[in-house]
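For the sequence shown, our numbering begins at 120 and goes up steadily by one. A short write-up of the structure that comes next.
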Amino acid sequence: MNIFLKAWNGLNLSPGQRAFLKVVQGLIIGGLLAAFLAIAQYFYSNGAVNWRSVLDVALVAFLMSVGYGLSKYFSAQGDAPVATALSELTDAADKAINADLSRGPDPVLAVQPSIMQRAVPIADSAPPPPGPVPPKG
Numbered sequence: 120m121n122i123f124l125k126a127w128n129g130l131n132l133s134p135g136q137r138a139f140l141k142v143v144q145g146l147i148i149g150g151l152l153a154a155f156l157a158i159a160q161y162f163y164s165n166g167a168v169n170w171r172s173v174l175d176v177a178l179v180a181f182l183m184s185v186g187y188g189l190s191k192y193f194s195a196q197g198d199a200p201v202a203t204a205l206s207e208l209t210d211a212a213d214k215a216i217n218a219d220l221s222r223g224p225d226p227v228l229a230v231q232p233s234i235m236q237r238a239v240p241i242a243d244s245a246p247p248p249p250g251p252v253p254p255k256g
């Protein structure tokens, strides 16, 4: 299986393979930027393209992609494989959920009334204020 299929399927990659993919990603983005610059120059300058500036952009993009690839290579040396890191994360989440459920319900939440219920006790409520007295007659 080639490196692109392994990455697409989420399989573990070596640090060198990760760095290679980062370089390829940078080259693709740099190529698109250089092409965009050439097309923009073509349309805005009536067909004249400054190929020197397009090559400068492509060269800077190439150098940046190599730099990002080297950075990825050295930073990926200490990374755990994806499957190991994912299993550690799910194990920690399961432990946290099980520890929280083993305590039982929160006593503060158990005595709080629902939003839909009235929280005023009947014995402590004041009598309704007197209304206007109707005239006799």
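Beta carbons are placed, not taken as given, at the ideal position from N, Cα and C, and that holds for glycine. Just so we're clear, the structure is a prediction, and the values are computed from it rather than from any experiment.
Query: At least three beta-carbon pairs within less than 8 Å, the stretch 207-215 to the stretch 190-197; Result: no
Query: Delimiting residues of the alpha helix (DSSP H) encompassing Ser133; Result: That residue, Ser133, is in no alpha helix (DSSP H); it is neither H nor E in DSSP.
Query: Alpha carbon of Thr138 to alpha carbon of Lys191, nearest angstrom; Result: The sequence given here has Ala at residue 138, not Thr. Roughly 5 Å separates the two Cα atoms.
Query: Residue range of the unbroken alpha helix (DSSP H) whose run includes Met183; Result: 170-194
Query: Beta carbon of Ala180 nearer than 9 Å to that of Gly149; Result: yes
Query: Contacts around Val173, its chain only, beta-carbon distance under 8 Å, and the 5 residues preceding and following it disregarded; Result: Ala153, Leu156, Ala157, Gln160
Query: Short CB-CB distance (under 9 Å) between Lys125 and chain D; Result: Absence of chain D from the displayed structure is noted, only one protein chain being present.
Query: Close-in-space but distant-in-sequence residues of the same chain around Leu130 (CB under 7 Å, 5 per side omitted); Result: none
Query: Sequence-distant residues of the same chain with beta carbon closer than 6 Å to Lys255, five excluded per side; Result: none
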